[in-house]
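Have a look at the structure below before the remarks.
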Amino acid sequence: MKCCMMFVLLLLSAATSATTLHLPGDIELLVLDGKRISPSLVRGAEQIELNKGIHQIVLRVERNLPHGNLRVHYLSAPVILTFSTGSARHVSIQPPQINSLAEARYFDEHPGITLTDEPGQPLPVTQDILPVDNRLPADAINYEQLTRQYNLSGKIASQPRFTRATQPSPGVRFSWLRPDRIHQTIQ
Numbered sequence: 072m073k074c075c076m077m078f079v080l081l082l083l084s085a086a087t088s089a090t091t092l093h094l095p096g097d098i099e100l101l102v103l104d105g106k107r108i109s110p111s112l113v114r115g116a117e118q119i120e121l122n123k124g125i126h127q128i129v130l131r132v133e134r135n136l137p138h139g140n141l142r143v144h145y146l147s148a149p150v151i152l153t154f155s156t157g158s159a160r161h162v163s164i165q166p167p168q169i170n171s172l173a174e175a176r177y178f179d180e181h182p183g184i185t186l187t188d189e190p191g192q193p194l195p196v197t198q199d200i201l202p203v204d205n206r207l208p209a210d211a212i213n214y215e216q217l218t219r220q221y222n223l224s225g226k227i228a229s230q231p232r233f234t235r236a237t238q239p240s241p242g243v244r245f246s247w248l249r250p251d252r253i254h255q256t257i258q
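In structure tokens, the structure reads:
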């Protein structure tokens, strides 16, 4: 009986030590806690399980915007977000409405991404634009290295703790909702 109780307590403590980060479909996650995230790994991911504590993500917002009679593919400048999960069990990323090229240009200079917890309350978040050389093709940009340089610069959203070269965190899991409604988790 004692063994069963200990097992249940262990499961409950493990469940409360993680935060689920919900990813909207128009977000491209590039870097998590100083480590590059493979686009093929997170494409279609609906959520990521994070350990409680301070995290940093680099992302871009992707939209198809009207431009006259055409639709223009918009890919935002990379945005760095630094935040603490606090006691939140679920955190959602909410980019602002971007419905025109003018709103897209404004977002590229003044990102306004909101992170909210499960009741919809905003979490404190520090955000900045990650400077990149726009003359390079997107696949030639090393976002992990740029994030490391940014974190060493002492800028507003920098987190020097994420500059160390380490292995990917074992506490991060990606989940997808498959067509048959089964969640698949990859560790």
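Mapping the sequence shown onto this note's numbering, position 165 (from 1) lands on 236, and the numbers just tick up by one. For each residue, glycine too, the CB sits at the ideal point set by N, CA and C. This structure is a prediction, so every number in the text was calculated from the model and none was measured.
Quick one: what's got a C-beta closer than 7 Å to Pro231's C-beta in the same chain, skipping five residues either side? If you number the sequence shown from 1, residue 231 lands on position 160. Excluding sequence neighbours, Pro231 sits near Asn222 and Leu223.
Per the DSSP calculation, Ile128 is bridged to which residue(s)? Within the sequence shown, numbered from 1, the residue matching residue 128 stands at position 57. Beta-bridge pairing links Ile128 to Leu103 and Leu152.
Of the listed residues Pro202, Ser158, Val196 and Ile119, nearest to Pro166 (C-alpha basis): Taking the sequence shown and counting its residues from 1, one reaches residue 166 at position 95. Pro166 has its Cα closest to that of Val196, out of Pro202, Ser158, Val196 and Ile119.
Have a look at Ile151, Gln192, His93 and Ser158 and flag the residue whose alpha-carbon is nearest the alpha-carbon of Ala228. Within the sequence shown, numbered from 1, the residue matching residue 228 stands at position 157. Ranking the options by Cα distance to Ala228, first place goes to Ile151.
Compare the beta carbon distance of Leu136 and Ala175 with 8 Å and say whether it is the shorter of the two. Reading the sequence shown from its first residue, position 65 is the one you call residue 136. Reading the sequence shown from its first residue, position 104 is the one you call residue 175. Yes, they are a contact pair.
Using a C-beta cutoff of 8 Å, does His144 count as contacting chain D? Absent here is chain D; the protein component of the structure consists of one chain.
Taking the Cβ atom as the reference point for each residue, do Gly96 and Thr234 lie within a distance shorter than 8 Å? In the sequence shown, the residue the question calls residue 96 occupies position 25. In the sequence shown, the residue the question calls residue 234 occupies position 163. Contact flag unset, no.
Residue(s) in a DSSP beta bridge with Asp179: Working through the sequence shown from its first residue, we reach residue 179 at position 108. None; Asp179 has no bridge partner.
Between the CA atoms of Ser147 and Val129 - distance to the nearest angstrom: Residue numbering aside, residue 129 sits at position 58 when the sequence shown is read from its first letter. Residue numbering aside, residue 147 sits at position 76 when the sequence shown is read from its first letter. Answer to the nearest angstrom: the Cα atoms are 11 Å apart.
What does a CB cutoff of less than 8 Å around Ala159 pick up in its chain, not counting 5 residues either side in sequence? As a position in the sequence shown, residue 159 is number 88, starting the count at 1. For Ala159, where only same-chain residues beyond five positions count, the Cβ hits under 8 Å are Thr90, Asp188, Glu189 and Leu194.
Quick check on Glu99: buried or exposed, where buried means 16 or more other Cβ atoms within 10 Å of its Cβ? Sequence index remark: in the sequence shown, residue 99 carries index 28 (1-based). Looking at its Cβ environment, which holds 16 or more other Cβ atoms inside 10 Å, Glu99 is buried.
In the DSSP assignment, find the unbroken alpha helix (DSSP H) run with Leu217 in it and report its ends. One-based indexing of the sequence shown puts residue 217 at position 146. Unbroken alpha helix (DSSP H) run through Leu217: Tyr214 to Leu223.
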